[in-house]
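Q: For what it's worth, my numbering labels the leading residue of the sequence shown as 95, then goes sequentially.
Sharing a structure below in structure tokens format, with a few things to ask.
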Amino acid sequence: MSDTTTDNSTQTGDDQDLGAAGSQLSTAPVEDSPSPDLPSLGVIGWARWFWRQLTSMRVALLLLLLLSLAAIPGSLIPQTGINEAQVADFRERHDVLAPVYDKLGLFNVYSSVWFSAIYILLFVSLIGCIVPRTWQFVGQLRGRPPGAPRRLTRLPAHTTWRTSAEPEEVREAALALLRKRRFRAHAVGDAVAAEKGYLRELGNLAFHLALIVMLIAFAWGQLFKSEGNKIVVEGDGFSNTLTQYDDFKSGNLFTNDDLEPFSFDVEEFTGTYERTGPNRGTPRTYETEVTYTEGADGEEKNALIKVNKPLEIGDAKVYLVSHGYAPVVTVRDGKGEIVYQDAVPLLPLDNNVTSNGVVKVLDGYRNPQGKKEQLGFQAFFVPTFGGSASGTMLSQFPALDYPVLALNAYHGDLKADSGIPQSVYQMDKTKMKEFKDADGELLKKLLTPGETMTLPGGAGSITFEKDIKEWAGFQVVQEPGGGWALGGALTAIGGLAASLFVQRRRVWVRAVRGDDGVTVVEMAGLGRSESAKVPEELGDLAGTLYERAPGVPDPEPDGAPEPDGTPPEDPGAPGASGTTTSTDTDSQAVPAEGAEQQ
């Protein structure tokens with residue numbers, strides 16, 4: 095008669111006969127129980143204890159949590175490596191907090207000592223966890239599933255029945271069945287041992303290895319990255335050299351030789367905007383046509399750079415990040431000679447591209463007395479002027495519907511030769527004098543395309559040309575390790591899914607000849623943790639094997655039917671109800687899930 099049970103009782107006494115069969119379902123290290131009388135550890139002992147604590151999984155998870163918490167200030171507090179202007183503004187507004195943040199390294203979190211310490215400890219901890227577990231897992235893969243325990247009925251899920259088939263036939267059928275179900279199976283004595291679910295531990299190891307790859311890729315990217323910004327006016331070009339950038343920052347190990355050799359020319363910028371509705375003025379199209387070459391003698395190629403669709407050249411990516419206008423102005427001296435003519439990029443102040451900047455005439459100008467002098471013009475530009483009735487120089491729309499340029503004129507020394515770097519968008523007025531109008535006020539005038547502002551006293555003039563160019567702001571980024579970081583992230587997700595949804599389990603099938611000459615078949619399953627899937631899978635396997643080795647009824651003492659006249663049911667099938675004869679008299683037989691369906 096059959097006996098299919100699930101037993102969740104605690105294993106004691108005779109349960110120790112599981113031996114290797116119930117062990118090593120995981121590569122997690124086994125912690126030894128502490129002894130009540132411990133000797134003095136000493137330096138080596140304490141070092142070994144510290145190493146074991148550092149390389150334990152719980153410490154690795156704790157360090158990962160600390161790293162996540164440590165990264166929070168980097169997203170809440172301005173960082174010098176990202177925006178120094180915001181850091182300077184924070185220092186001005188918080189004169190008490192700023193010195194504290196400086197001492198704690200909160201303005202440069204990702205390069206601080208404490209963040210680096212957590213990062214390095216996590217790195218060492220993960221390596222210390224993964225290496226021994228990997229070797230142990232490789233050893234398990236090279237080995238074979240352990241033989242069957244002496245008492246299979248002690249396992250959490252088991253079943254048994256009697257069959258007329260020979261024990262060798264049952265074992266061969268079980269071996270073929272288990273291998274067909276993708277178990278690693280082999281015959282050991284009078285039983286077949288099988289194991290499945292290695293993908294769980296493989297996923298666990300892959301997850302932690304992926305974390306190491308991500309940490310290395312992140313560190314590599316931070317050390318060798320570079321990021322520069324450049325404004326290029328239509329018709330102008332850019333060459334990827336350090337002197338060409340408006341601003342540039344890089345990692346500690348980056349060198350100029352690491353810059354990707356390329357150059358490009360901006361042919362045309364195209365921007366369209368929403369004309370009506372609540373989203374009026376919202377950009378619909380931002381794109382720039384460029385002609386670029388790779389290397390010194392590369393072939394010219396055309397490309398279209400859009401927002402979030404960068405131009406990729408080698409390891410470098412060229413992003414389109416900003417846009418503005420560059421009015422073309424012509425400056426003449428008192429004799430009518432052109433001393434300056436160029437497109438002047440102006441910086442946007444709002445979403446409607448109200449812009450400001452300066453026009454600097456550094457060389458070639460002489461005042462009416464013939465003395466060399468420098469000119470400076472404070473410029474305000476609106477692509478769509480609201481009219482004199484608006485009373486302000488604020489643009490009403492970002493497109494060039496009604497462009498107006500407002501200029502204030504100065505002359506003197508711009509201090510460009512002082513050796514101190516100056517912004518091309520600001521003017522040092524400490525040694526500059528104002529041009530005065532007829533009322534003795536600062537000379538200023540609103541110009542539409544084609545109009546001219548004449549400087550007093552025959553000092554010359556400045557003309558707002560009808561040609562208004564546009565400029566595009568580019569960000570050139572080289573960040574090695576990005577592909578490795580992405581691959582590590584995807585691997586980590588896949589490994590985590592495998593470790594969560596795949597269960598490591600073992601199955602044994604024993605077939606021996608009983609005292610009455612009839613073959614007795616025992617099947618049992620053991621999982622890494624309690625799960626309904628192990629009894630279900632065991633029941634399915636038992637049902638399939640039962641079809642190949644059908645059961646025979648147990649001998650009845652009198653061969654009589656049941657008292658109620660009902661003929662006895664087939665007691666040979668796995669999961670059939672009835673009384674069973676078992677050597678394990680202290681266990682109660684309970685049908686395993688799924689076994690009764692066969």
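Using N, Cα and C, we set each Cβ at its ideal position, and we do this for glycine too.
Judging by CA-CA distance, which residue of 336, 348, 362 and 306 is the nearest neighbour of residue 329?
A: As a working note, residue 329 is residue 235 in the sequence shown. Per the Cα distances, 362.
Q: Can you confirm whether the region 543-557 touches the region 310-324 when touching is taken to mean that 3 or more C-beta pairs between the two stretches lie within less than 8 Å?
A: With a cut-off of 8 Å, the region 543-557 and the region 310-324 do not count as touching, because too few Cβ pairs lie within range.
Q: Spatial neighbours of residue 539 within its chain, please: CB distance less than 7 Å, with the 5 preceding and 5 following residues excluded, ordered by chain position.
A: Taking the sequence shown and counting its residues from 1, the one referred to as residue 539 is at position 445. Taken in chain order, the residues that qualify are 501 and 547.
Q: Which residue from 491, 412 and 452 puts its Cα closest to that of residue 373?
A: Against the sequence shown, residue 373 aligns to sequence position 279. Measuring from the Cα of residue 373, the nearest candidate turns out to be 491.
Q: First and last residue of the beta strand (DSSP E) that includes residue 193?
A: Walking along the sequence shown from the start, residue 193 turns up at place 99. No beta strand (DSSP E) holds residue 193; the alpha helix (DSSP H) holding it covers 191-198.
Q: Does the separation of the CB atoms of residue 323 and residue 351 fall below 8 Å?
A: Against the sequence shown, residue 323 aligns to sequence position 229. Against the sequence shown, residue 351 aligns to sequence position 257. Going by C-beta atoms, residue 323 is not nearer than 8 Å to residue 351.
Q: Quick one: grab the DSSP three-state call for residue 249.
A: Within the sequence shown, the letter at position 155 stands for residue 249. In this structure, residue 249 counts as coil in the three-state DSSP scheme.
Q: Relative to the C-alpha of residue 248, which residue among 618, 635 and 638 is closest?
A: Along the sequence shown, read from residue 1 onward, the residue named residue 248 stands at position 154. Of 618, 635 and 638, the residue nearest in Cα terms is 618.
Q: I need the boundaries of the alpha helix (DSSP H) containing residue 301, first residue and last residue.
A: Numbered from 1 along the sequence shown, position 207 holds the residue referred to as residue 301. Looking at the DSSP string, the run of the alpha helix (DSSP H) that includes residue 301 is 292-318.
Q: With 16 as the cutoff for other CB atoms within 10 Å, does residue 463 come out buried or exposed?
A: Taking the sequence shown and counting its residues from 1, one reaches residue 463 at position 369. That one is exposed.
Q: Give me the Cα-Cα distance between residue 691 and residue 279, rounded to the nearest whole angstrom.
A: Counted from its first residue, the sequence shown places residue 691 at position 597. Counted from its first residue, the sequence shown places residue 279 at position 185. The predicted model places residue 691 with a pLDDT of 35, which falls under 50 and marks its position as unreliable; any figure quoted below should be read in that light. Distance between the alpha carbons of residue 691 and residue 279 is about 25 Å.
Q: Check whether the region 221-237 touches the region 559-576, taking contact to mean three or more Cβ pairs, one atom from each stretch, closer than 8 Å.
A: With the cut-off at 8 Å, the region 221-237 and the region 559-576 do not touch.
Q: Is it buried or exposed, residue 609, if we count other Cβ atoms within 10 angstroms and call 16 or more buried?
A: Against the sequence shown, residue 609 aligns to sequence position 515. Looking at its Cβ environment, which holds fewer than 16 other Cβ atoms inside 10 Å, residue 609 is exposed.
Q: Could you give the uninterrupted runs of the beta strand (DSSP E) lying entirely in the region 350-420, keeping only those of 3 residues or more?
A: Qualifying beta strand (DSSP E) stretches, in chain order: 356-367, 377-388, 395-400 and 405-407.
Q: Using 10 angstroms around the beta-carbon of residue 601, count the other beta-carbons present and answer buried if the total reaches 16, otherwise exposed.
A: Residue numbering aside, residue 601 sits at position 507 when the sequence shown is read from its first letter. With 16 or more Cβ atoms within 10 Å of its Cβ, residue 601 is classed as buried.
Q: Which of helix, strand or coil does DSSP assign to residue 487?
A: Along the sequence shown, one-based indexing puts residue 487 at 393. In the structure shown, residue 487 sits in coil (DSSP, three-state: anything other than H, G, I, E or B).
Q: In the DSSP output, which residue or residues are listed as bridge partners for residue 346?
A: Taking the first residue of the sequence shown as 1, we reach residue 346 at position 252. Paired residue(s): none; residue 346 is not in a bridge.
Q: Use the C-beta contact count for residue 432: other C-beta atoms within 10 angstroms, 16 or more gives buried, fewer gives exposed.
A: Looking up residue 432 in the sequence shown gives position 338. So residue 432 counts as exposed.
Q: Out of 411, 468 and 303, which one is the CA nearest neighbour of residue 579?
A: Locating residue 579 in the sequence shown gives position 485, counting from the first residue. It is 303.
Q: Using 8 Å as the limit for Cβ to Cβ distance, is residue 506 near chain B?
A: The structure shown contains no chain B, having only a single protein chain.
Q: Beta strand (DSSP E) containing residue 607: first to last residue?
A: On the sequence shown, residue 607 is found 513 positions in, with the first residue counted as 1. 599-607 is the extent of the beta strand (DSSP E) around residue 607.
Q: Does the separation of the CB atoms of residue 168 and residue 195 fall below 8 Å?
A: Taking the sequence shown and counting its residues from 1, the one referred to as residue 168 is at position 74. Taking the sequence shown and counting its residues from 1, the one referred to as residue 195 is at position 101. Contact flag unset, no.
Q: Straight-line CA distance for residue 520 to residue 510?
A: For the purposes of this step, residue 520 is taken as residue 426 along the sequence shown, with counting starting at 1. For the purposes of this step, residue 510 is taken as residue 416 along the sequence shown, with counting starting at 1. Rounded to whole angstroms, residue 520 to residue 510 spans 12 Å at the Cα level.
Q: With DSSP collapsed to three states, give me the class of residue 529.
A: Taking the sequence shown and counting its residues from 1, the one referred to as residue 529 is at position 435. Coil at residue 529, not helix or strand.
Q: Residue 638 and residue 271 - do their beta-carbons sit closer together than 8 Å?
A: For the purposes of this step, residue 271 is identified with residue 177 of the sequence shown, where counting begins at 1. For the purposes of this step, residue 638 is identified with residue 544 of the sequence shown, where counting begins at 1. Yes, the pair counts as a contact, with Cβ atoms nearer than the cut-off.
Q: Just list the residues that DSSP pairs residue 452 with in beta bridges.
A: Position 358 of the sequence shown, counting from 1, holds the residue named residue 452. Looking at the DSSP assignment, residue 452 forms a beta bridge with 472.
Q: In this structure, how does DSSP classify residue 629 when only helix, strand and coil are distinguished?
A: Here residue 629 refers to the residue found at position 535 of the sequence shown. Correct three-state label for residue 629: helix.
Q: Output the boundary residues of the beta strand (DSSP E) element that contains residue 281.
A: Here residue 281 is taken as the residue at index 187 of the sequence shown, counted from 1. Residues 278-282.
Q: If you check the beta carbons only, do residue 211 and residue 632 fall under 8 Å apart?
A: Counting from 1 along the sequence shown, the entry for residue 211 is found at position 117. Counting from 1 along the sequence shown, the entry for residue 632 is found at position 538. No, the pair does not count as a contact, with Cβ atoms beyond the cut-off.
Q: Taking residue 139 as part of the alpha helix (DSSP H), name the residues at either end of that continuous run.
A: Against the sequence shown, residue 139 aligns to sequence position 45. Segment 136-148, the alpha helix (DSSP H) holding residue 139.
Q: Can you find at least 3 beta carbon pairs, one from the region 470-488 and one from the region 417-429, that sit closer than 8 Å?
A: Counting Cβ pairs under 8 Å, three or more are found: they touch.
Q: Go to residue 231, then tell me how far its alpha helix (DSSP H) extends in each direction, as first and last residue.
A: Against the sequence shown, residue 231 aligns to sequence position 137. 207-236 is the extent of the alpha helix (DSSP H) around residue 231.
Q: Compute the distance between the beta-carbons of residue 382 and residue 399, then report whether it is under 8 Å.
A: Numbered from 1 along the sequence shown, position 288 holds the residue referred to as residue 382. Numbered from 1 along the sequence shown, position 305 holds the residue referred to as residue 399. Yes; because the gap between Cβ atoms is below 8 Å, this pair is in contact.
Q: Should residue 629 be labelled buried (16 or more other beta-carbon atoms within 10 Å of its own) or exposed?
A: As a working mapping, residue 629 is identified with position 535 in the sequence shown. Residue 629 is buried by the Cβ-count criterion.
Q: Could you pull the DSSP bridge partners for residue 568 from this structure?
A: On the sequence shown, residue 568 is found 474 positions in, with the first residue counted as 1. Beta-bridge pairing links residue 568 to 324 and 414.
Q: Can you tell me whether residue 137 is buried or exposed, with buried defined as 16 or more other CB within 10 angstroms of its CB?
A: The residue given as residue 137 occupies position 43 in the sequence shown. Residue 137 should be labelled exposed.
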